[in-house]
Amino acid sequence: MDSTMMNVPLSLNHLLERAGRLFADNEIVSRLPDKTLRLHSFGAYYRRTRALASALQRLGLKKGDRVATLCWNHHAHLECYFGIPAAGGVMHTLNLRLAPDEIGWIAGNAGDRFLVIDDVLLPLYRQFAHLHRFEKVIVFAFSGAPVPAEMTDYEALLANADPDNFEYAPHHEDDPVAMCYTSGTTGRPKGVVYSHRSTILHTLVASLGDFWGLRGTDVVLPVTPMFHANSWGIPYGAVMMGVKLVFPGQHLHPDDLLDLMQLEPPTLSLGVPTIWMSLIQTFDAAQAEGSPNKGRWKLPAGMRSLVGGAAVPEALIRAFDKHGIWILQGWGMTETSPVCTISYPRAELRDASADERYRRAAMAGVPVPLVDLRVRSDEGGDQPWDGESVGEIQVRGPFITGRYHDVPVDVEKFAPDGWLRTGDVASVDSLGFVKITDRTKDLIKSGGEWISSVDLENAIMAHPSVAEAAVIAVPDEKWSERPLACVVLKPGQSTDAAEFNAHLLRHSFARWQLPDRYEFIDAVPRTSTGKFWKMKLRERFAGVSVPARSPTA
């Protein structure tokens, strides 16, 4: 028997047309460099996006050509998300937080033909312009400054285009629409290319009620950069549902985000743990008597917050819950589009204690639909889902990459049967909750026993004096490796190794698992996507052997 269903290809163009027809009056807000807000309707967005697509075709864009973006989060970047693929091109988000030489190498490796860039980022562009020549540099006057004469003005380009007579480039649902490069902390970054099909399926899955839970009445604040795994895919979901978007632009300091929340209170926000840790510490400090900011801010009542990109400490979840904000932790990678697991409240846990709900919320979560997940032991077998047996997470699914751009399939990254090897070590319990123990390179093997740096970090960050902490392995003649904790204290706080060890013992760590050293530092180095960059700490503390001194007050 043959299927009777229509063979209609999955396409981003459908989402754009839907937004223009159904949500024309809904709002998109962008914060400009001077901190003023610019308002667009979805109707205006629809016409501007079609104008961009028409203009790119007039510039000679061919199917499959890469168009790079070097932009903050704002409406013009959202226009690129849909306008570039509408013209037949592939949007390639460049990570503005990388070193200039690395950005130039990535643009060359991708073969980017055009570049769309914010005017405020032109100084960065000039540092790598000699490494890759773009045929056209299209400047979005984000700050309102004049566009250099030798470059193309984004607004003039749109003004001279014809959105009414534009025709979408013919395409197949497996044709590429966007690409992102991995962070490259252990080697050269690698390109991941997403298709119409993979992006639509990822958007539908991530928008489900227990995950993003997108509703037409939502106000979404994407703090996650649009160059970081496509802001976890939320721009596609927001356009699909016509939800109000509030883009923070370049202003990501806790004070700025809190100010923005007063002007445009979000119902859903997305960001990495380091951003939220700084935000809640700033907010709580402002509540103290004598604070110059007392009464300046309120946290949006009932706001949902999706946090990912690194392990979320249970202490952070508890801190936000005190203010009526529940954090959903998600796990994924550039390679997984990226939503792969989310720790949402399961029906089976409705009668669980508060401590158990917090414990579960601090896990990576349950695999989302369409994603298969397994945990492989060093011997190559599947580990049972018993909450104790650990191994490497491997995944497969229709929005998980099967290879990298212009790179031969690597057995270090893909299993013989095609599953993606994530490099994350975890256990899975009977309810499907994934508990990430560590990255394979970050596990500490002491005397033949494994110590989880993530577990130690989360427990240390639960100490009231700690702002953030990272744990690394250092060589040890007797035990092979031992943990060293790098700790950032909150302003005005002071403590010592003995207090931390007592704190960890109260959190059920064995004495042999306790760090041998505590180094007190000003800040934990971060990667371009806001994750703790442990490689830099390992370099900094290579060869350390003498006991660390306690910090001064």
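If you're matching positions, the sequence shown starts at 836 in the numbering used here and goes up one per residue.
Glycine included, each C-beta is placed from N, C-alpha and C at the ideal position.
Query	Result
In angstroms, rounded to a whole number, what distance separates the CA positions of residue 1149 and residue 1160?	14 Å
I need the boundaries of the beta strand (DSSP E) containing residue 855, first residue and last residue.	From DSSP, residue 855 is part of no beta strand (DSSP E) but of the alpha helix (DSSP H) over 847 to 857.
Give every residue of the same chain whose Cβ lies closer than 6 Å to the Cβ of residue 978, excluding the five residues on either side of it in the sequence, and list them in chain order.	868, 954, 955
Shortest alpha-carbon distance to residue 1093 belongs to which of 1077, 1111, 1078?	1111
How close, in whole Å, do the beta carbons of residue 1059 and residue 1047 come, if the pair is a contact with beta carbons under 8 Å?	Going by Cβ atoms, the distance from residue 1059 to residue 1047 rounds to 12 Å, so no, they are not a contact pair.
DSSP puts residue 1226 in a beta bridge; with which residues?	1261
Can you give me the Cβ contacts of residue 1360 inside the same chain, cut-off strictly under 6 Å, excluding the 5 residues immediately before and after it?	1368, 1371
Might you give, ordered along the chain, the residues of its own chain that have their beta carbon closer than 8 Å to the beta carbon of residue 1030, omitting 5 neighbours on each side?	1008, 1009, 1010, 1011, 1012
Could you check the C-alpha separation between residue 896 and residue 1005 for me, to the nearest Å?	13 Å
Based on Cα-Cα distance, which residue from 1082, 1297, 998, 1118 lies nearest to residue 889?	998
Give the secondary structure of residue 1116 by DSSP, where H, G and I count as helix, E and B as strand, and everything else as coil.	helix
Are the segment 966 to 973 and the segment 1257 to 1269 touching, with three or more C-beta to C-beta distances below 8 Å?	no
Secondary structure at residue 1175, three-state DSSP: helix, strand or coil?	strand
Hey, how far is the Cα of residue 1373 from the Cα of residue 1241?	31 Å
Please give the ranges of any beta strand (DSSP E) in the segment 1200 to 1250, keeping only runs that are unbroken, at least 3 residues long and fully inside the region.	1207 to 1211, 1226 to 1231
Rounded to the nearest angstrom, what separates residue 1178 and residue 1142 at their Cα positions?	10 Å
For residue 994 and residue 849, I'd like the C-alpha separation in whole angstroms.	24 Å
Considering residue 909, what are the terminal residues of the beta strand (DSSP E) in which it resides?	Note, residue 909: premise wrong, no beta strand (DSSP E); not H, not E.
Around the C-beta of residue 1056, are 16 or more other C-beta atoms found within 10 angstroms, so that it is buried, or is it exposed?	buried
DSSP puts residue 974 in a beta bridge; with which residues?	952, 988
Under a three-way DSSP split, which group does residue 1006 fall into?	coil
Reducing DSSP to helix, strand and coil, say where residue 1052 ends up.	coil
Which residue from 952, 939, 948, 1330 puts its Cα closest to that of residue 912?	952
Please classify residue 1347 as buried or exposed, where buried requires at least 16 neighbouring CB atoms within 10 angstroms.	exposed
Exposed or buried, what is residue 1167 when buried is set at 16 or more other beta-carbons lying within 10 Å of its beta-carbon?	buried
Is residue 929 closer than 8 Å to residue 1082 when the C-beta atoms are compared?	no
In angstroms, rounded to a whole number, what distance separates the CA positions of residue 1252 and residue 1035?	25 Å
Do you know offhand how far residue 1153's Cα is from residue 1311's?	36 Å
What is the DSSP secondary structure of residue 1373, reduced to helix, strand or coil?	helix
Mark residue 1287 as exposed unless 16 or more other C-beta atoms lie within 10 angstroms of its C-beta, in which case mark it buried.	buried
For residue 1121, does the three-state DSSP call read helix, strand or coil?	helix
Can you tell me which of 950, 958, 1171 puts its alpha carbon nearest to the alpha carbon of residue 972?	950
Quick check on DSSP: helix, strand or coil for residue 1277?	coil
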